[in-house]
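Chains as they are written, first to last, in the working numbering: chain A, 1 to 301; chain B, 1 to 231.
Beta carbons are placed, not taken as given, at the ideal position from N, Cα and C, and that holds for glycine.
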């Protein structure tokens, strides 16, 4: 129970980060190796904003929740226009280019923010005791065992992530800009021939991808602390999720994030975190062998 | 009037088109004939701005559209019906048409007009494009281009792989558009189909102009075709 709640928090943040990676790959066919650094930047900016805004922690947190994703999104869009556009979105060169962006972001953060890990205070953090069911004398009884509790903030993370995911889905399925993004994804050349400003769509998608990673990070800093090397794990896990879910498939990405996040939480609690990573990687290998297009992928055309 | 003025274009360093010049007048069907690899599809892509020109110019009513970014070309009034249809397969019929409308900045009446020409699409508005039959897909590709409210239509092998009734339907619509004063550039493999609709025929080979003839002359003398195509 506790393990699955912890897992659900991981899954929620992972889903946000991975959906950004998946969106970028799906629409632009760009493998964004710097995605984890956008996550890290989101966390670091959240600390920066929260520590510069006075007042109660809630104010700083809400400010961070708005400013950090917007700033990271703008930076990502800028990186798209100045770097990725110049290498003409060539698959191999974009990988090398995003590795470069990764190190630039990481080292600039080290030079300015420093090597310390810093926390952001959660806006609210009430402990919530959780009931447990047991057979007692005379049938089922609820009781509140010691240690079995979570915080309201963790529940908030799960709810907020779900709300954002629904928002992303609505954006893609119901809005005009979503229509343009999907058309660009399906046939870039025809999108151009029918008046879709593909370059602007690309910059926007890359920006949204970065902003989603940053948003996930802002949600997690009150639990995890911001550190300049924190981008590695989310990047690896996002790749695992995106491969299992099917490259470019949004429902697949969410399903895989829930699967990996929950199993990571549960296995980490009962066995060890290393075993969780080993199993996740093994799952990737199995998926690649038996279903290379991913669980929800449509296959190569 | 669409004019191609000595355009040179190609993919990367491989040059396909060499000093190619063409012109399509309003209400005229110009047919482009040439062997495989002669540069017919490349010509269309160059007009749409999908390939950068090495030199030369594409002009629409005197305006140099080859200087515009590719996504602005359609809005000038050029409807493109590419080879193999190239629909947005996972989008619905309505969404495919909406993209065409957006490109031309056109309103509902343009959509209604396109649907009147292809009534069958009206019944399938909320179906995904990839679930349509081949003929219906070609209708949708044509209707999508008509939604741009084109002054020039580019058709790249519109009847490829279709059954005769569909070919007739597509050809009727081409005739309607011509009568409305739309200039039409048509690439077609089947010579009999070309001769029955074209006003002029431009032969190209290795990306160069060979000769442009009145279709009437070809209809009178079939040997002209053989000498130009070497079939």
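request  = Name the residue from A:201, A:276, A:39 and A:271 whose alpha carbon lies nearest to the alpha carbon of residue 65 of chain A.
outcome  = A:39
Backbone CA spacing between residue 184 of chain B and residue 164 of chain A [nearest angstrom] = 48 Å
request  = Please report the Cβ distance between residue 118 of chain A and residue 276 of chain A, rounded to the nearest whole angstrom; I am assuming they are in contact, meaning their Cβ atoms lie under 8 Å.
outcome  = So it is not a contact: roughly 26 Å between Cβ atoms.
inquiry  = Ignoring anything shorter than 3 residues, give me the beta strand (DSSP E) runs that lie fully in the stretch 139 to 214 of chain B, in order along the chain.
reply    = 152 to 156, 183 to 187, 200 to 205 and 208 to 214
ask   = Quick one: Cα of residue 112 of chain B to Cα of residue 222 of chain A, how far?
value = 55 Å
message = Restricting to Cα atoms, I'd like to know which of A:110, A:205, A:152 and A:78 is closest to residue 29 of chain A.
response = A:205
request  = Name the two residues that bound the continuous alpha helix (DSSP H) containing residue 40 of chain B.
outcome  = 40 to 48
inquiry  = Less than 9 Å between CB atoms is the rule here; does residue 11 of chain B satisfy it with respect to chain A?
reply    = no
task = Would you mind giving the Cβ-Cβ distance between residue 93 of chain B and residue 125 of chain B, rounded to the nearest angstrom? I have them listed as a contact below 8 Å.
result = 5 Å
message = Using C-beta distances below 6 Å, list every residue in its chain close to residue 12 of chain A, excluding the 5 sequence neighbours before and after it, in chain order.
response = 157, 158 and 161
key: Assigned exposure category for residue 19 of chain B - 16 Cβ within 10 Å defines buried   = exposed
inquiry  = Tell me whether the stretch 158 to 173 of chain B and the stretch 22 to 34 of chain B touch, counting them as touching only if at least three CB pairs, one residue from each stretch, are closer than 8 Å.
reply    = no
request  = Report the residue from B:101, B:201 and B:219 whose alpha carbon sits nearest the alpha carbon of residue 212 of chain B.
outcome  = B:201
ask   = Taking DSSP as the reference, what is the three-state secondary structure of residue 28 of chain B?
value = coil
query = Just checking my contact of residue 16 of chain A with residue 212 of chain A at CB under 8 Å: how many whole Å lie between their CB atoms?
reply = 5 Å
query = If you draw a straight line from the alpha carbon of residue 11 of chain B to that of residue 87 of chain B, how long is it in whole angstroms?
reply = 23 Å
key: Where residue 80 of chain B falls, given that 16 or more other Cβ within 10 Å makes a residue buried   = buried
query = DSSP three-state call for residue 6 of chain B: helix, strand or coil?
reply = strand
key: Stretch pair the stretch 101 to 113 of chain A + the stretch 49 to 66 of chain A: three plus CB contacts closer than 8 Å   = no
task = Report the residue from A:271, A:263, A:294 and A:251 whose alpha carbon sits nearest the alpha carbon of residue 20 of chain A.
result = A:251
message = As an exercise, report each continuous alpha helix (DSSP H) stretch of at least 4 residues that is fully enclosed by the stretch 44 to 101 of chain A, in chain order.
response = 57 to 79
request  = For residue 175 of chain A, write down the residues that DSSP places opposite it in a beta bridge.
outcome  = Beta-bridge pairing links residue 175 of chain A to no other residue.
task = Give me whichever residues DSSP pairs with residue 188 of chain A in a beta bridge.
result = BP columns for residue 188 of chain A are empty, so no partner.
query = Apart from the five residues on each side of it in sequence, which residues of its chain come closer than 8 Å, Cβ to Cβ, to residue 301 of chain A?
reply = Because residue 301 of chain A carries a pLDDT of 39, less than 50, the predicted location of this residue cannot be relied on, and the following value inherits that uncertainty. There are no such residues.
query = Rounded to a whole number of angstroms, what is the C-alpha to C-alpha distance between residue 194 of chain B and residue 238 of chain A?
reply = 54 Å
Boundaries (first-last residue) of the alpha helix (DSSP H) holding residue 223 of chain B = 223 to 229
query = When DSSP labels each residue in this structure, what does residue 11 of chain B get in the three-state scheme?
reply = strand
request  = Taking only beta-carbon positions, decide if residue 204 of chain A is within less than 9 Å of chain B.
outcome  = no
ask   = When burial is assigned at 16 or more other CB atoms within 10 Å of the CB, is residue 91 of chain A buried or exposed?
value = exposed
message = DSSP three-state label for residue 108 of chain B, please.
response = helix
Buried versus exposed call for residue 116 of chain A [16 or more other C-beta atoms within 10 Å across all chains shown] = exposed
inquiry  = Check whether the stretch 279 to 292 of chain A and the stretch 28 to 39 of chain B touch, using three or more Cβ-Cβ pairs below 8 Å as the test.
reply    = no
ask   = Would you say the stretch 92 to 106 of chain B touches the stretch 120 to 136 of chain B, given that touching needs at least three Cβ pairs under 8 Å?
value = yes
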